[in-house]
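Participant: If you're matching them up, the sequences are chains A, B and C in order. Numbered per my numbering, the first sequence finishes at 373, counting up by one with no gaps. Numbered per my numbering, the second sequence finishes at 457, counting up by one with no gaps. Numbered per my numbering, the third sequence finishes at 393, counting up by one with no gaps. Cβ atoms here follow ideal geometry from the backbone N, Cα and C, with glycine treated the same way. Since this is a predicted model, take the numbers as computed values, not measurements.
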Amino acid sequence: MRSDAMLEVQNLKMHFPVYGGFFRRVVGHVKAVDGVNLFICPGETLGLVGESGCGKTTTGRCIIRAYKPLDGQILYRRADGSVVDLAPLDDQSLRPYHREIRLIFQDPYSSLNPRMPVVDLVGEPLKVNKIATGKELEDRVAELLRRVGLRPEYMKRYPHAFSGGERQRIGIARALSLNPRLVICDEAVSALDVSVRAQILNLLEDLQAEFNLTYLFIAHDLSVVEYICDRVAVMYVGKLVELASTDELFAQPQHPYTEALLSAVPQPDPLIRDQKQRIVLGGEVPDPANPPSGCYFHPRCRYSDGARCMNETPALRETTPLHFVACHYAEKLSLRGVIAPRILA
Amino acid sequence: MLNDRKQVEREAGGPAVPNNSRSTEEARVLVASQWLLMWRKFRKHRLAMVGGTITIVVYLVVLFAEFLAPFPSNAFSSQHTYAPPQPLHLFDRTAEGLRFSPYVNGYSITINQAALKREFVVDKASKVPVRLFVHGTPYKLLGLFDADLHLIGPSVYDEDPTRIIIPMYLLGADRLGRDVLSRTIYGTRISMTLGLVGVALSFVIGLTLGGVSGFYGGWVDNTIQRVIELLRSIPTIPLWMGLAAALPSDWTPLQVFLGITILLSLIGWTGLARVVRGRFLALRTEDFILSARLDGNSTARTIRVHMIPAFASHIIASLTLAIPSMILSETALSFLGLGLRPPIVSWGVLLKEAQNIRAVATAPWLLLPGIAVIITVLALNFLGDGLRDAADPYGR
Amino acid sequence: MNKSDLLLDVIDLKTQFFTDDGIVRAVDGVSFQMKRGETLCIVGESGCGKTITARSILQILDYPGRVVDGQIFFHRVRLVDGKEVRQIIDLATLKTRGPEIRDIRGKDIAMIFQEPMTSLSPIHTIGNQIMEAIRLHLPVSKSEARERAIELLRRVGIPKPAERMDAYTFQLSGGMRQRAMIAMALSCGPSLLIADEPTTALDVTTQAQILDLLRELKDDLGMSIMLITHDLGVVAEMADDVVVMYLGVVAEQGNVVDVFHDPRHPYTQALLRSIPKYGLRTAGKRLDSIRGMVPDPYSRPTGCPYHPRCDRMIPDKCDRITPPTIQIGEDRVVSCLLYDVPGLPTRSYNAPQPALCEVR
Numbered sequence: 029m030r031s032d033a034m035l036e037v038q039n040l041k042m043h044f045p046v047y048g049g050f051f052r053r054v055v056g057h058v059k060a061v062d063g064v065n066l067f068i069c070p071g072e073t074l075g076l077v078g079e080s081g082c083g084k085t086t087t088g089r090c091i092i093r094a095y096k097p098l099d100g101q102i103l104y105r106r107a108d109g110s111v112v113d114l115a116p117l118d119d120q121s122l123r124p125y126h127r128e129i130r131l132i133f134q135d136p137y138s139s140l141n142p143r144m145p146v147v148d149l150v151g152e153p154l155k156v157n158k159i160a161t162g163k164e165l166e167d168r169v170a171e172l173l174r175r176v177g178l179r180p181e182y183m184k185r186y187p188h189a190f191s192g193g194e195r196q197r198i199g200i201a202r203a204l205s206l207n208p209r210l211v212i213c214d215e216a217v218s219a220l221d222v223s224v225r226a227q228i229l230n231l232l233e234d235l236q237a238e239f240n241l242t243y244l245f246i247a248h249d250l251s252v253v254e255y256i257c258d259r260v261a262v263m264y265v266g267k268l269v270e271l272a273s274t275d276e277l278f279a280q281p282q283h284p285y286t287e288a289l290l291s292a293v294p295q296p297d298p299l300i301r302d303q304k305q306r307i308v309l310g311g312e313v314p315d316p317a318n319p320p321s322g323c324y325f326h327p328r329c330r331y332s333d334g335a336r337c338m339n340e341t342p343a344l345r346e347t348t349p350l351h352f353v354a355c356h357y358a359e360k361l362s363l364r365g366v367i368a369p370r371i372l373a
Numbered sequence: 062m063l064n065d066r067k068q069v070e071r072e073a074g075g076p077a078v079p080n081n082s083r084s085t086e087e088a089r090v091l092v093a094s095q096w097l098l099m100w101r102k103f104r105k106h107r108l109a110m111v112g113g114t115i116t117i118v119v120y121l122v123v124l125f126a127e128f129l130a131p132f133p134s135n136a137f138s139s140q141h142t143y144a145p146p147q148p149l150h151l152f153d154r155t156a157e158g159l160r161f162s163p164y165v166n167g168y169s170i171t172i173n174q175a176a177l178k179r180e181f182v183v184d185k186a187s188k189v190p191v192r193l194f195v196h197g198t199p200y201k202l203l204g205l206f207d208a209d210l211h212l213i214g215p216s217v218y219d220e221d222p223t224r225i226i227i228p229m230y231l232l233g234a235d236r237l238g239r240d241v242l243s244r245t246i247y248g249t250r251i252s253m254t255l256g257l258v259g260v261a262l263s264f265v266i267g268l269t270l271g272g273v274s275g276f277y278g279g280w281v282d283n284t285i286q287r288v289i290e291l292l293r294s295i296p297t298i299p300l301w302m303g304l305a306a307a308l309p310s311d312w313t314p315l316q317v318f319l320g321i322t323i324l325l326s327l328i329g330w331t332g333l334a335r336v337v338r339g340r341f342l343a344l345r346t347e348d349f350i351l352s353a354r355l356d357g358n359s360t361a362r363t364i365r366v367h368m369i370p371a372f373a374s375h376i377i378a379s380l381t382l383a384i385p386s387m388i389l390s391e392t393a394l395s396f397l398g399l400g401l402r403p404p405i406v407s408w409g410v411l412l413k414e415a416q417n418i419r420a421v422a423t424a425p426w427l428l429l430p431g432i433a434v435i436i437t438v439l440a441l442n443f444l445g446d447g448l449r450d451a452a453d454p455y456g457r
Numbered sequence: 034m035n036k037s038d039l040l041l042d043v044i045d046l047k048t049q050f051f052t053d054d055g056i057v058r059a060v061d062g063v064s065f066q067m068k069r070g071e072t073l074c075i076v077g078e079s080g081c082g083k084t085i086t087a088r089s090i091l092q093i094l095d096y097p098g099r100v101v102d103g104q105i106f107f108h109r110v111r112l113v114d115g116k117e118v119r120q121i122i123d124l125a126t127l128k129t130r131g132p133e134i135r136d137i138r139g140k141d142i143a144m145i146f147q148e149p150m151t152s153l154s155p156i157h158t159i160g161n162q163i164m165e166a167i168r169l170h171l172p173v174s175k176s177e178a179r180e181r182a183i184e185l186l187r188r189v190g191i192p193k194p195a196e197r198m199d200a201y202t203f204q205l206s207g208g209m210r211q212r213a214m215i216a217m218a219l220s221c222g223p224s225l226l227i228a229d230e231p232t233t234a235l236d237v238t239t240q241a242q243i244l245d246l247l248r249e250l251k252d253d254l255g256m257s258i259m260l261i262t263h264d265l266g267v268v269a270e271m272a273d274d275v276v277v278m279y280l281g282v283v284a285e286q287g288n289v290v291d292v293f294h295d296p297r298h299p300y301t302q303a304l305l306r307s308i309p310k311y312g313l314r315t316a317g318k319r320l321d322s323i324r325g326m327v328p329d330p331y332s333r334p335t336g337c338p339y340h341p342r343c344d345r346m347i348p349d350k351c352d353r354i355t356p357p358t359i360q361i362g363e364d365r366v367v368s369c370l371l372y373d374v375p376g377l378p379t380r381s382y383n384a385p386q387p388a389l390c391e392v393r
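(1) Provide the residue(s) that pair with A:ILE212 in DSSP beta bridges, ordered along the chain.
(2) Identify, in the order they occur along the chain, each residue of the same chain with its Cβ nearer than 6 Å to the Cβ of C:CYS343, setting aside the five sequence neighbours on each side.
(3) Around the C-beta of B:LEU157, are 16 or more other C-beta atoms found within 10 angstroms, so that it is buried, or is it exposed?
(4) Thinking just about the alpha-carbon of each residue, which of B:GLY112, B:PRO146, B:GLY256, B:LEU231 is nearest to the one in B:VAL123?
(5) Would you list the residues sitting across from C:LYS116 in a DSSP beta bridge?
(6) How long is the line joining the alpha carbons of C:TYR329 and A:PRO136, rounded to whole angstroms?
(7) Rounded to whole angstroms, what's the CA-CA distance from B:PHE396 to B:LEU411? Just pull it up for me.
(8) Please name the residue or residues paired with A:ASP113 in a DSSP beta bridge.
(9) I need the straight-line Cα distance from A:GLN120 to A:LEU173, nearest angstrom please.
(10) Using the beta-carbon of each residue, which ones in chain B are nearer than 8 Å to A:VAL156?
(11) Helix, strand or coil: how does DSSP classify C:CYS343 here?
(12) What are the start and end residues of the alpha helix (DSSP H) that includes A:TYR255?
(13) Suppose you measure from the CA of B:LEU344 to the CA of B:LEU427; what does that come to, to the nearest Å?
(14) Name the residue from C:PHE146, C:ILE156, C:ARG109, C:SER152 whose alpha carbon lies nearest to the alpha carbon of C:ILE134.
(15) How about B:SER191 and B:PRO163: do their beta carbons lie closer than 7 Å?
(16) Between A:THR87 and A:PHE245, how many whole angstroms is the CB-CB distance? I'm expecting something under 8 Å.
(17) Can you check whether the C-beta of C:ARG188 is within less than 7 Å of a C-beta belonging to chain A?
(18) Below 9 Å on C-beta distance, what does B:LEU202 contact in chain A?
(19) Any beta carbon from chain F within less than 7 Å of A:TYR331's own beta carbon?
(20) In the DSSP assignment, find the alpha helix (DSSP H) that holds C:ASN161 and state where it starts and stops.
(21) Taking the alpha helix (DSSP H) that B:ASN283 belongs to, which residues open and close that run?
(22) What would DSSP say about C:GLU71, mapped onto helix, strand or coil?
(23) If you draw a straight line from the alpha carbon of A:ASN141 to that of B:PHE349, how long is it in whole angstroms?
(24) Should B:SER352 be flagged as near chain A, meaning a C-beta pair shorter than 7 Å?
(25) Buried or exposed, going by whether 16 or more other CB atoms sit within 10 Å of the CB of B:PHE194?
(26) Would you say A:ASN65 reaches chain B, if we count a Cβ-Cβ gap shorter than 7 Å as a contact?
(27) Please name the residue in C:ARG314, C:MET217, C:ILE243 whose C-alpha comes closest to that of C:SER154.
(28) My assumption, with CB atoms under 8 Å, is that B:LEU333 sits in contact with B:PHE264. Please give the rounded CB distance.
(29) How is A:VAL148 classed by DSSP in three states: helix, strand or coil?
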């Protein structure tokens, strides 16, 4: 394991069976996560981006061990410096780690039990882990609510009394209640309106500074990722194609898919829309149950050589320091980053 | 950091500012629990409210049958076989004017020589005084308290509780001169109790097997589902007939009652098991269940604290909807003579009396228990519908 | 604005939903104009009434919604016997199920939705659905309709269109479904295409494809597009004119460059400040967020609906007075009391003179 990392994922694989036919036999596997390697350093925010179905959510859920991965290692360094592999652990032995690694869900509606008042929702982790009860529990909940910007008086209310943004604050308070070290934000702001999204992003940043949190920020919105992340990992059909610092990745991507993805994002500046040459990818994202040979991106890649790319799967390798790319021609290509907009308003 | 905190509080300022325009009524909604929300939603369902009221009334009849029925279920009068209903008059015209003094007219009985049968004519001249809260045949209220009060009854009762000397057949009499009204009231007790007990038993079986099926999935689920399909594919009437015939004929009426109940629930649990399984499967994939697991909840606590409350309301709705089918099954079975047997009085048993065409032609009031069945089943169905609609008050 | 340029003139539109819990004023006096051949983006957060506005135009509101007031003048140009016939039709007065509006739906104004599955039938092949849409409005034979449908599918970039004619919607990917729905919408050559969040459910690379397609189609077919979206990036990429909506009213309307680079309404200004600036990494800088949240539809604030969240709120004015629509430039309106100074004309809407139009 890297000495600077807090969490390192090695060759993570998660396949889901596909049933078919009269007897519901397994007829294939969706390779949702197919050999992902990444690492997260303490105190940083690592973005994990990709299009729907690329396996970013599955990766997050494997790391938090909501799923048991098929293969690979999830090495986690505890505060005392000891390293554990989370992948093979059973539910019982995972307990202490579930306190340290927490998850914030995308959907603030379905992730809060509608039948519990806020005090129970936020206090549940404290209660279950026998950390606090009664008055002490209420005090801790009140403090947590205050910290995420909600009035503690509202703790007797049920989730249906809150708007999407407020619910997401409750979700964040829940995640924070056990003093976690690593928080996985699974599309935590995707369901929110623009004006509320900014509030939550600011809150996440404040909390990170205050509690020295490390974030794995799973998202599909590249402008948000660019804003909040220190480093970014790009996934395509279950594999990691590029991992680099945010500045470098957005300015000088080294994988053709990253380039196309960056150029596809509509920019909120009407004056540059004619300047930028958008790379419109042809075709569709391949079916993860039946991916193409070689580099999974080769059928849509405008730089594909039609030979090596078709036959040989590129490994993720470090091309320049701390810039990892899975492309045979990473060094030879010179790819375009994002054009800066004029300063708005 | 202090600045940041201020900033956060400023941003959250909007929701945090108390909104004066919100009434206290709305403030109560905000802290409303699941059940209160369900009640609010349920109240909007008019038909369900009517159904619910009728259901409550019917169950009150079950509890206070002895008080409401003028006569015991087996009290008879050989003189009044197939006596027609006597209309109840509340006010008596006396010399001093109209006075509250309820009465029914007596009968004058003639023997029709040609048809060889008794013919009853309501005799306007004779008045049988009727009293409210009259002291009559003694009974044990709710099985606990000695009482002899009846809501309505003739002013005089016979010493022998199995005899009716003064006729008061508000809804007519059957072939032994027994009061149809009293018998229908006692029949309500048996039929509704059987419905409730039967559903309770099916619920236990259904919840267990459905829960196991939904929670474990895989081959367990497959096996249970195939058993359910098998049970559902057998035509019910022959199956009942076979099973009912297997009950020993020397059983006491109570044993038969329990036997029939168990039998009906052994067949009736399948629907409930499916509902439970469906809810389990749907809930298993909900984010808040995953979130509960990640909080460190054990499987048992996840099910108890997070899953069961989430489908309790759905289960209650399904249970309500299952009672009518239970009642109908019992009625059908007893009607065919395979279910409960006299002297137990149930709606099915009573309807069996109305089986032959002569009875229907000459004494249509014997069909009254059928109307009771229809009203009750409809009421329960409306109630169940309303409950089902209100079961998930968290529509987005 | 030249009169013949006008395509759609919405005046003081009010749409309300009569629910058990009270009346929801989803659209509360919306006025805007749309020129022929332009792309107009209606942008706003959830609950601002942008979708309801579009649905009101086509009279396809869900129960219990109803247009209660206002006019929607649609300037229709149709070729009849080779001659251009111009008509001005007030869509708000047409019966929701009447033959007049049905004749306009699909033929003159078509609509596509966020989720294609809601408007495409899962039990018919896409070919049959497009052919039916064609034959509903145009007198063509079955084989002609088929030819046309294949051509449409090719036009929207579906590979092997002749084979895809027999495909069912569930056999297509999200992007392909959206293309099929666009093909169906185009089947009768509408002059206005209303696209309600057409790319929100799609991935960013697919979104780029669909936006390109829409732009191309607009130029080739000369139709106008009303694009409803919450994504300011999409607006900047697509729009000629922008209508910014907040809580059922128009906050501001204007040319896209003006609105993005010189926003006037405090809401537009705050909205633009609150989005991360893509391509300008601003690490460590906080986003300027708008405080509070969109109020729930049952408790609309009095006066200007934005005043509880507004940083430039004028006490005792904004919370009492409903701001008028103020013309601050050519084709540029804002409804905010900050601009309510003498000298600037408030815009008054005049319905077209009856003599000029043939209202059906």
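Facilitator: Taking the structure as given:
(1) Taking the first sequence and counting its residues from 1, one reaches residue 212 of chain A at position 184. Paired residues: A:LEU131, A:LEU244.
(2) As a position in the third sequence, residue 343 of chain C is number 310, starting the count at 1. These residues qualify, in order along the chain: PRO299.
(3) If you number the second sequence from 1, residue 157 of chain B lands on position 96. The sequence shown places Glu at residue 157 of chain B, rather than the Leu named in the question. Flag for B:GLU157 reads exposed.
(4) Your numbering for residue 123 of chain B matches position 62 in the second sequence. Considering only alpha carbons, the answer is B:GLY256.
(5) Residue mapping note: residue 116 of chain C aligns to position 83 of the third sequence, counting from 1. Answer is C:VAL113, bridged to C:LYS116.
(6) Numbered from 1 along the third sequence, position 296 holds the residue referred to as residue 329 of chain C. Numbered from 1 along the first sequence, position 108 holds the residue referred to as residue 136 of chain A. Note that residue 329 of chain C is Asp in the sequence shown here, rather than Tyr. Their Cα atoms are separated by approximately 17 Å.
(7) As a working mapping, residue 396 of chain B is identified with position 335 in the second sequence. As a working mapping, residue 411 of chain B is identified with position 350 in the second sequence. Cα to Cα, B:PHE396 sits roughly 8 Å from B:LEU411.
(8) Position 85 of the first sequence holds residue 113 of chain A. Per DSSP, A:LEU103.
(9) Start at 1 with the first residue of the first sequence, and residue 120 of chain A comes out as number 92. Start at 1 with the first residue of the first sequence, and residue 173 of chain A comes out as number 145. Computed Cα separation, rounded: 29 Å.
(10) On the first sequence, position 128 is the one that residue 156 of chain A refers to. Going along chain B in sequence order, the residues near A:VAL156 (Cβ under 8 Å) are ASP356, GLY357, ASN358, ARG362.
(11) As a working mapping, residue 343 of chain C is identified with position 310 in the third sequence. It is coil, neither helix nor strand.
(12) For the purposes of this step, residue 255 of chain A is taken as the residue at position 227 of the first sequence. Residues 250 to 256.
(13) For the purposes of this step, residue 344 of chain B is taken as the residue at position 283 of the second sequence. For the purposes of this step, residue 427 of chain B is taken as the residue at position 366 of the second sequence. Whole-angstrom Cα-Cα distance: 49 Å.
(14) The residue you call residue 134 of chain C lines up with position 101 of the third sequence. C:ILE134 has its Cα closest to that of C:ARG109, out of C:PHE146, C:ILE156, C:ARG109, C:SER152.
(15) Residue 191 of chain B sits at position 130 when you count from the first residue of the second sequence. Residue 163 of chain B sits at position 102 when you count from the first residue of the second sequence. Note that residue 191 of chain B is Val in the sequence shown here, rather than Ser. A contact, by the Cβ cut-off of 7 Å.
(16) One-based indexing of the first sequence puts residue 87 of chain A at position 59. One-based indexing of the first sequence puts residue 245 of chain A at position 217. Between A:PHE245 and A:THR87 the Cβ distance is about 12 Å, and since that is not below 8 Å, they are no contact.
(17) The residue given as residue 188 of chain C occupies position 155 in the third sequence. No, its Cβ sits nowhere closer than 7 Å to a Cβ of chain A.
(18) For the purposes of this step, residue 202 of chain B is taken as the residue at position 141 of the second sequence. In chain order: nothing, as chain A lies at least about 39 Å away.
(19) The structure shown contains no chain F; its protein chains are A, B and C.
(20) Here residue 161 of chain C refers to the residue found at position 128 of the third sequence. Taken as a continuous stretch (DSSP letters only), the alpha helix (DSSP H) holding C:ASN161 covers 159 to 170.
(21) Here residue 283 of chain B is taken as the residue at index 222 of the second sequence, counted from 1. Element bounds for B:ASN283: 279 to 294.
(22) As a working note, residue 71 of chain C is residue 38 in the third sequence. If DSSP states are grouped into helix, strand and coil, C:GLU71 belongs with coil.
(23) Here residue 141 of chain A refers to the residue found at position 113 of the first sequence. Here residue 349 of chain B refers to the residue found at position 288 of the second sequence. Distance between the alpha carbons of A:ASN141 and B:PHE349 is about 5 Å.
(24) Counting from 1 along the second sequence, the entry for residue 352 of chain B is found at position 291. Yes, because at least one Cβ of chain A sits closer than 7 Å to the Cβ of B:SER352.
(25) Residue 194 of chain B sits at position 133 when you count from the first residue of the second sequence. Answer is exposed; the Cβ neighbour count stays below 16.
(26) As a position in the first sequence, residue 65 of chain A is number 37, starting the count at 1. It does not: the Cβ of A:ASN65 has no partner Cβ on chain B nearer than 7 Å.
(27) For the purposes of this step, residue 154 of chain C is taken as residue 121 along the third sequence, with counting starting at 1. Nearest C-alpha to C:SER154: C:MET217.
(28) Your numbering for residue 333 of chain B matches position 272 in the second sequence. Your numbering for residue 264 of chain B matches position 203 in the second sequence. The pair is a contact, with the Cβ atoms about 6 Å apart (cut-off 8 Å).
(29) What you label residue 148 of chain A is simply residue 120 of the first sequence in a count that begins at 1. It is Asp, not Val, that sits at residue 148 of chain A in the sequence shown. A:ASP148: helix per DSSP, three-state reduction.
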